[in-house]
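Quick note, the sequence shown lines up with residues 16 to 351 if you use our numbering.
From the three backbone atoms N, C-alpha and C, an ideal C-beta is built for every residue, glycine too.
Given the structure is predicted, the values throughout are model-derived calculations rather than measurements.
See below for the structure under consideration.
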Amino acid sequence: MTYPQTKAALRRLLTDGIVPGVSYAFIDGDRIETGEMGQAALVPHPEILRPGMVYDVASLTKVVGTLSVTLQLLAQGRLRLSDRVSDWLPAWQDRRVTIRHLLTHTSGIVGYIPNRNQLAAPDLTAALLRLHVGPTFNRKMVYADVNYIFMGWIVERILGEPIQVAAQHRVLTPLGMMHSTFTPQDAGQCVPTAVTRERGLIRGAVHDPKGYVLQRRCGSAGLFSTARDLATFCQAYLYPEKVASVLPPTWIHRLTADWTPTSQANRSLGWALTASQWPSAHRVIWHSGFTGTYLVIDQQAKQAMVFLTNRVHPVAPNLPYLDQRNAVIGTYLAEK
């Protein structure tokens, strides 16, 4: 389990100046290999990346936290994919949108919120619930944080606690992800993200503006984790029967299906879909985060990869990273 070509592709990200540093994990069945290379920070001074450092994993929150709790509720019959969002969130007026639409990003919810990042949490909540459904509804997959923000609020209605609190004690703690949290206590152990005019150097606090406002009630971003903890999560996906109370096996095994209304968008519940050719042609699930993170999980081959960077440090969005990220994924899928 060495993956020399994939590691070389990771090193090129550093030598080409695409990212400051990389933490990674390769999972093969019950074996995990972790490593790191490069720097944790470039400003205010260079800082070497240390083993076990904690990353703001951004939208990985959607699949690690919010989706996991949602699958539990689906397995328990407390929630159905056909449930209307408006039945759980009465302030949302469009009765066409269902849980399935939220989970597959086919809700078509759009709209502009003036001064969004400066709003207080109650005002942002009200503004999000006043958004509308556009022409892509039920036809096209359009990735949007609002889907998982709504999903988090629905989970809160069912369980009576904020989504991040629910994810901590229903997913992270029982899986033994002991360094994963929504409230880091030691900013120095966290890899910093961007430097912004409003907030300065962001370190140990969520980078995502909506997550920063909504805090515990945000189901789309806010999780901090390590390569080792996320490897533990991936391993649980490979063997969900061992953690059936956390990741319901019946649902986990169905996540390689395209769950969108057209079944042609390469999107599952939560996860994006891609293809692997080994041991035979089959689907693989993956998800990324804005800060420069992603997970790739091949359930059939019992293999997975965790990739963590802070590509938004010191400034976002660092668009050249996106092509390089996809190239690394392609290298990994071909090499494994």
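Where the beta strand (DSSP E) containing residue i begins and where it ends
i, result
"Q91", "Neither: Q91 is in no beta strand (DSSP E) and is coded neither H nor E."
"I47", "R46 to A56"
Proximity of residue i and residue j at Cβ, strictly below 8 angstroms
i, j, result
"W266", "L86", "yes"
"R269", "T49", "no"
"L229", "A136", "yes"
"V69", "T306", "no"
"L245", "P255", "no"
"A236", "V221", "yes"
"W168", "L104", "yes"
"Q54", "G36", "yes"
"T211", "V34", "no"
"K225", "L139", "yes"
"R115", "W274", "yes"
"L75", "H302", "yes"
Contact belief for residue i with residue j at Cβ below 8 angstroms, rounded distance in angstroms
i, j, result
"Q108", "S97", "No, Q108 and S97 are not in contact; Cβ-Cβ is about 19 angstroms, not under 8 angstroms."
"A209", "H297", "Wrong, their Cβ atoms sit about 37 angstroms apart, outside the cutoff."
"H194", "G304", "No, H194 and G304 are not in contact; Cβ-Cβ is about 17 angstroms, not under 8 angstroms."
"T119", "R218", "About 34 angstroms separates the two Cβ atoms, so there is no contact after all."
"F239", "P276", "Actually they are not in contact, since the Cβ atoms of F239 and P276 sit about 34 angstroms apart, beyond 8 angstroms."
"Q179", "C233", "7 angstroms"
"T81", "V157", "Between V157 and T81 the Cβ distance is about 18 angstroms, and since that is not below 8 angstroms, they are no contact."
"A24", "A342", "7 angstroms"
Residue of the options minimising C-alpha distance to residue i
i, options, result
"T346", "S291, T308 and S303", "S291"
"V330", "T30, V58 and Q54", "V58"
"K77", "E350, N162 and A220", "N162"
"E51", "T81, S38 and F197", "S38"
"R326", "H147, R340 and T188", "R340"
"V299", "Q315, Y309, G285 and G307", "Q315"
"T151", "D138, Y227, V125 and I164", "V125"
"F41", "L337, A349 and Q318", "Q318"
"N153", "T121, V180 and D160", "T121"
"L337", "E350, T308 and C205", "T308"
"S260", "D43, H116, A90 and Y158", "A90"
"V321", "Y127, A56 and I344", "I344"
"V84", "V186, V112, W168 and D31", "V186"
"F197", "N132, T211 and D223", "D223"
"L310", "V258, S295, T241 and D273", "T241"
"L29", "D43, L88 and I63", "I63"
"G123", "H147, Q133, A106 and L134", "H147"
"L117", "L323, V258 and D160", "D160"
"R231", "G175, G32 and H302", "G175"
"L284", "A272, A342, P294 and S295", "A272"
"T247", "R145, L348, P189 and Y18", "P189"
"I47", "T17, P332 and T289", "T17"
"M166", "R65, N132, V112 and L216", "V112"
"Q204", "A182, R65 and E350", "R65"
"I312", "K351, N132 and P19", "K351"
"V206", "Q279, P61 and H184", "P61"
"L216", "N130, Q20, P177 and A56", "A56"
"A182", "R131, G44, V79 and K257", "V79"
"W293", "A349, P332, A251 and K257", "A349"
"D43", "G191, L134 and A251", "A251"
"Y227", "R99, G92, Q133 and R110", "Q133"
"G191", "I173, P332, K257 and R26", "K257"
Boundaries (first-last residue) of the alpha helix (DSSP H) holding residue i
i, result
"S101", "V100 to W103"
"V37", "Counting along the chain, V37 falls outside any alpha helix (DSSP H), though it belongs to the beta strand (DSSP E) covering G36 to D43."
"P177", "Note, P177: premise wrong, no alpha helix (DSSP H); not H, not E."
"T30", "P19 to T30"
"F248", "A242 to L253"
"V115", "The identity of residue 115 in the sequence shown is Arg, whereas the question assumes Val. First-last of the alpha helix (DSSP H) with R115: I114 to T119."
"T140", "A136 to L144"
"V11", "This structure does not reach residue 11, given that the chain is present from 16 up to 351, and the question cannot be answered."
"T265", "P264 to I267"
Taking only runs that begin and end inside the stretch 284-337, name each unbroken alpha helix (DSSP H) of 4 or more residues, in chain order. none
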